[in-house]
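Have a look at the structure below before the remarks.
2 protein chains.
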Amino acid sequence: MTATTGEQSLRVETVEQSRLLALLRDEGPMSRVELGERLELPRARLTAEVSRLADAGMVESGGPAASRGGRRSTLVRLASDLRLLAVDIGATSVGVAVTGPRCDVLAHVVEDCDVRTGPVAVLERVAALADVVLASNPGRLLASGVGLPGPVSFREGLPVAPPIMPGWDRFPVRDQLASRWRRPVAVDNDVNAMAMGERHAGVAQSLDELIFVKIGTGIGCGIVLGGRVYRGVAGTAGDIGHVRIDEYGPACACGEVGCLEAYFGGAALARDALTLARSGRSTRLAELLEERGSLTAQDVGAAAGAGDFAAVNLIREGGRRLGQVIASLVSFINPGMVVIGGGVAGLGHQLLAEVRSAVYRRSLPLATGNLPIVLSELGDQAAVIGAAWSASERAFALTH
Amino acid sequence: MTATTGEQSLRVETVEQSRLLALLRDEGPMSRVELGERLELPRARLTAEVSRLADAGMVESGGPAASRGGRRSTLVRLASDLRLLAVDIGATSVGVAVTGPRCDVLAHVVEDCDVRTGPVAVLERVAALADVVLASNPGRLLASGVGLPGPVSFREGLPVAPPIMPGWDRFPVRDQLASRWRRPVAVDNDVNAMAMGERHAGVAQSLDELIFVKIGTGIGCGIVLGGRVYRGVAGTAGDIGHVRIDEYGPACACGEVGCLEAYFGGAALARDALTLARSGRSTRLAELLEERGSLTAQDVGAAAGAGDFAAVNLIREGGRRLGQVIASLVSFINPGMVVIGGGVAGLGHQLLAEVRSAVYRRSLPLATGNLPIVLSELGDQAAVIGAAWSASERAFALTH
Numbered sequence: 033m034t035a036t037t038g039e040q041s042l043r044v045e046t047v048e049q050s051r052l053l054a055l056l057r058d059e060g061p062m063s064r065v066e067l068g069e070r071l072e073l074p075r076a077r078l079t080a081e082v083s084r085l086a087d088a089g090m091v092e093s094g095g096p097a098a099s100r101g102g103r104r105s106t107l108v109r110l111a112s113d114l115r116l117l118a119v120d121i122g123a124t125s126v127g128v129a130v131t132g133p134r135c136d137v138l139a140h141v142v143e144d145c146d147v148r149t150g151p152v153a154v155l156e157r158v159a160a161l162a163d164v165v166l167a168s169n170p171g172r173l174l175a176s177g178v179g180l181p182g183p184v185s186f187r188e189g190l191p192v193a194p195p196i197m198p199g200w201d202r203f204p205v206r207d208q209l210a211s212r213w214r215r216p217v218a219v220d221n222d223v224n225a226m227a228m229g230e231r232h233a234g235v236a237q238s239l240d241e242l243i244f245v246k247i248g249t250g251i252g253c254g255i256v257l258g259g260r261v262y263r264g265v266a267g268t269a270g271d272i273g274h275v276r277i278d279e280y281g282p283a284c285a286c287g288e289v290g291c292l293e294a295y296f297g298g299a300a301l302a303r304d305a306l307t308l309a310r311s312g313r314s315t316r317l318a319e320l321l322e323e324r325g326s327l328t329a330q331d332v333g334a335a336a337g338a339g340d341f342a343a344v345n346l347i348r349e350g351g352r353r354l355g356q357v358i359a360s361l362v363s364f365i366n367p368g369m370v371v372i373g374g375g376v377a378g379l380g381h382q383l384l385a386e387v388r389s390a391v392y393r394r395s396l397p398l399a400t401g402n403l404p405i406v407l408s409e410l411g412d413q414a415a416v417i418g419a420a421w422s423a424s425e426r427a428f429a430l431t432h
Numbered sequence: 033m034t035a036t037t038g039e040q041s042l043r044v045e046t047v048e049q050s051r052l053l054a055l056l057r058d059e060g061p062m063s064r065v066e067l068g069e070r071l072e073l074p075r076a077r078l079t080a081e082v083s084r085l086a087d088a089g090m091v092e093s094g095g096p097a098a099s100r101g102g103r104r105s106t107l108v109r110l111a112s113d114l115r116l117l118a119v120d121i122g123a124t125s126v127g128v129a130v131t132g133p134r135c136d137v138l139a140h141v142v143e144d145c146d147v148r149t150g151p152v153a154v155l156e157r158v159a160a161l162a163d164v165v166l167a168s169n170p171g172r173l174l175a176s177g178v179g180l181p182g183p184v185s186f187r188e189g190l191p192v193a194p195p196i197m198p199g200w201d202r203f204p205v206r207d208q209l210a211s212r213w214r215r216p217v218a219v220d221n222d223v224n225a226m227a228m229g230e231r232h233a234g235v236a237q238s239l240d241e242l243i244f245v246k247i248g249t250g251i252g253c254g255i256v257l258g259g260r261v262y263r264g265v266a267g268t269a270g271d272i273g274h275v276r277i278d279e280y281g282p283a284c285a286c287g288e289v290g291c292l293e294a295y296f297g298g299a300a301l302a303r304d305a306l307t308l309a310r311s312g313r314s315t316r317l318a319e320l321l322e323e324r325g326s327l328t329a330q331d332v333g334a335a336a337g338a339g340d341f342a343a344v345n346l347i348r349e350g351g352r353r354l355g356q357v358i359a360s361l362v363s364f365i366n367p368g369m370v371v372i373g374g375g376v377a378g379l380g381h382q383l384l385a386e387v388r389s390a391v392y393r394r395s396l397p398l399a400t401g402n403l404p405i406v407l408s409e410l411g412d413q414a415a416v417i418g419a420a421w422s423a424s425e426r427a428f429a430l431t432h
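So the sequence lines, in the order shown, correspond to chains Z and F.
The numbering of the first sequence is the numbering used here, which starts it at 33 and goes up by one.
The numbering of the second sequence is the numbering used here, which starts it at 33 and goes up by one.
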């Protein structure tokens, strides 16, 4: 790893440097004149901060700026050899990406990996994949970001009582990776990372209030308010997977019954698909079961796409329940956009239609008057882009 | 009114003055030394700001400070003759209070008043009541705050499409009162005002994340995040009265069916009480109906208090539905406290027990682990204290 981490000090010394780096990340190369205007800094002060950042290897010259009359100035940009590592640990897969300083993905590898094999084994895999992507995209590593599929104490950088991650409770993920990579590490819930990914580079760019609903093996929700992830008092804000739909509903992995996740998570869909196939109510799913011996949520999507009536109904029914919960969320939060992502979002437009219909019917007209409900644009890159963004926030923060 | 408004300029000139005034409001008189420490201001700068505020008549000397060794210093406090006006317009009543500079209520009058008589008539009543309370508590008026029982555009200071306020849509409440009183006026939704009242002087003091649920004629919710009212993109955040509980439920005043408010608002309880009385299922309510010719939500509380089985059941059933909605809200927002207020909150501990049971059973354990669910402490003063607080925010804000 030492090959990829420079010996230069990558410390941020003033609030102005911190704001300057974030601006170059979010909006790209800028002239000194424009930087001064955007940061409301006098010329001399700006010049001093830029040259200090250049000396520290954080920014560099990026070619001539478009002329605004007078002497041509050069653009300032983030140093192009800066690297961020982004890790997306899911229930059944692990993804590691390396990005440039603007969170642009340079390489991204994804492998099957069962999170239940525990933190030691999974983090070894992560380290090995990180070596691979960094070797193919050498540079100076600034920081890393990690998304985990469960509740996370952001302050402590570790998972707290995660329902689907046996062995991970309070395992010091941040500290362990930070000491391995000798760089700052930010650990967050994967849905929060996805929400910030879509806000930085996806469908929700520049929106300050949005909710991101992930439908994967489980169901979760990231809430962005005022441009930041809102976490709540204990860090559990946005937990919609375990909102109880029905006291007498099916059992959920969390130990309760009738949770939304028990109706419409990936695991619930796979369970219902099996029932439909075995009972003969879905010919298409029965065929798929025959071929492969098992069924997944993706098979429900495929069957629905092929016009299978029972599969279409399954998605409609689930979309209606999900829409009911999202409608409440919209009434409470009054967001500017709802983004739906995660594996089961591959069910696509049928799902979206049901959710929209429920939300537009059940929420307050004022709250839905100007409310786009859309699918994630970044797909399986949302989480790594968000994790890279979170890493850059750590790297660009004042460190003293 | 001119008698109560001084000719002195009550303008705030710097961010430091603004912070200083808010600190004296929230925590009371302080020595210069303590003020300097709390505001992180050097001694000379603090002294200059304090004397400018004293010259402007905003602060005054408040007697000797407790000794910390060395020369005794004097306390600084908000000028005791400063006044804030607070107006609480409800569906069926109007309340006007005058407070001192720390939002302490000096006088509070409440009269029956039907909001449906329209803004001109209601605001005339408000002005007359304001004259009364100000005359009995003379001083220099700083600013006024108004709470309205419907959606408000906080930025424009006017109600927007309020369901129970015919004739008020986009009526310029702020501008009209500001030109009458020649002082700044802040207009907000009444539930937001109640939430900030409880945070400033009630059960939620100093909590940064809380939700306040009002159960009056209607049902609403004020959300405080990071110590401020959270309003959402269109200002409708917290609208839980019109979350749909059942698509085939009773008709609601908003024109939809099955809203929470149609089950458990004051109007819904009065309707159900009438049914119980007439059908003979509640002897106590039948007696009350006989006596008075009509029934209110308060009668249900009285009957339940007297042990009437049907009335107790009505409260239990409603509390269960309300608890279901609050449980979702707790899962989404993960607040530090839930406060329940408004007229129907007079149903008291039976209601509270149902709500608690629903929330603790249905929300995520991490979110409810340390979550007090309590009744409002300020009762019918919550809204005026919050409105006064909102007025002081306007008065203490930088005005240039």
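Idealized CB from N, CA, C, for every residue including glycine.
These figures come from a predicted structure and were not determined experimentally.
Strictly by DSSP, which residues pair up with residue i?
i: F/VAL126; result: F/ILE121, F/GLU143
i: Z/GLY281; result: Paired residues: none, contrary to the question.
i: F/ASN221; result: F/LEU180
i: F/VAL106; result: Rather than Val, the amino acid found at residue 106 of chain F in this sequence is Thr. Answer by DSSP bridge pairing, in chain order: F/PRO96.
i: Z/ILE251; result: Z/ILE247
Looking only at its chain, what residues have a beta carbon closer than 7 Å to the beta carbon of residue i, apart from the 5 residues adjacent to it on each side?
i: F/GLY374; result: LYS246, ILE247, GLY248
i: F/VAL376; result: ILE247, GLY248, GLY298, LEU301, ALA329
i: F/LEU138; result: VAL130, THR131, GLY132, ASN169
Would you say the beta carbon of residue i comes nearer than 6 Å to a heavy atom of the ligand ADP?
i: Z/VAL256; result: The ligand ADP is not among the ligands present in this structure, which contains no ligands whatsoever.
Could you compute how far the alpha carbon of residue i sits from the alpha carbon of residue j?
i: F/GLU279; j: Z/ARG394; result: 9 Å
i: F/ILE405; j: F/ILE365; result: 14 Å
i: Z/THR23; j: Z/GLU322; result: Residue coverage of chain Z in this structure runs from 33 to 432, which leaves residue 23 of chain Z outside it and unanswerable.
i: F/ARG260; j: F/ASN221; result: 14 Å
i: Z/ASP201; j: F/CYS291; result: 40 Å
i: Z/ARG348; j: Z/ARG313; result: 16 Å
i: Z/VAL416; j: F/LEU239; result: 34 Å
i: F/LEU166; j: F/ILE196; result: 30 Å
i: Z/SER422; j: F/THR79; result: 42 Å
i: F/LEU466; j: Z/GLY252; result: Outside the shown range of chain F, which is 33 to 432, sits residue 466 of chain F, and nothing can be said about it.
i: F/GLY177; j: F/ALA420; result: 5 Å
i: Z/GLY127; j: Z/GLU425; result: 20 Å
i: F/PHE186; j: F/GLY122; result: 17 Å
i: F/ARG77; j: F/PHE428; result: 19 Å
i: F/ARG303; j: F/LEU320; result: 14 Å
i: F/THR124; j: F/VAL192; result: 19 Å
i: Z/ARG352; j: Z/ALA335; result: 19 Å
i: F/LEU383; j: Z/SER211; result: 52 Å
Leaving out five residues before and five after residue i in sequence, what residues of the same chain have Cβ atoms less than 6 Å from its Cβ?
i: F/VAL362; result: VAL391, SER395, ALA399
i: F/ARG388; result: ILE405
Consider the Cβ of residue i: report whether some Cβ of chain F lies at a distance smaller than 7 Å.
i: Z/VAL400; result: In the sequence on display, residue 400 of chain Z carries Thr and not Val. Judged by the 7 Å Cβ criterion, Z/THR400 is not in contact with chain F.
i: Z/THR268; result: yes
i: Z/GLU322; result: no
i: Z/PHE364; result: yes
Could you confirm whether any beta carbon from chain Z is found closer than 7 Å to the beta carbon of residue i?
i: F/ARG231; result: no
i: F/ASP271; result: yes
i: F/LEU317; result: no
i: F/GLU143; result: no
i: F/PHE296; result: no
i: F/GLY199; result: no
i: F/PHE186; result: no
i: F/ARG394; result: yes
i: F/PHE244; result: no
i: F/GLY252; result: no
i: F/GLY264; result: yes
Leaving out five residues before and five after residue i in sequence, what residues of the same chain have Cβ atoms less than 8 Å from its Cβ?
i: F/VAL154; result: ILE121, VAL126, CYS145, VAL147
The stretch 139–152 of chain F touching the stretch 82–93 of chain F, judged by at least three CB pairs closer than 8 Å
no
Check whether the stretch 151–168 of chain F and the stretch 217–233 of chain F touch, using three or more Cβ-Cβ pairs below 8 Å as the test.
no
Inter-stretch contact at 8 Å, needing at least 3 Cβ pairs: the stretch 416–431 of chain Z / the stretch 129–143 of chain Z
yes
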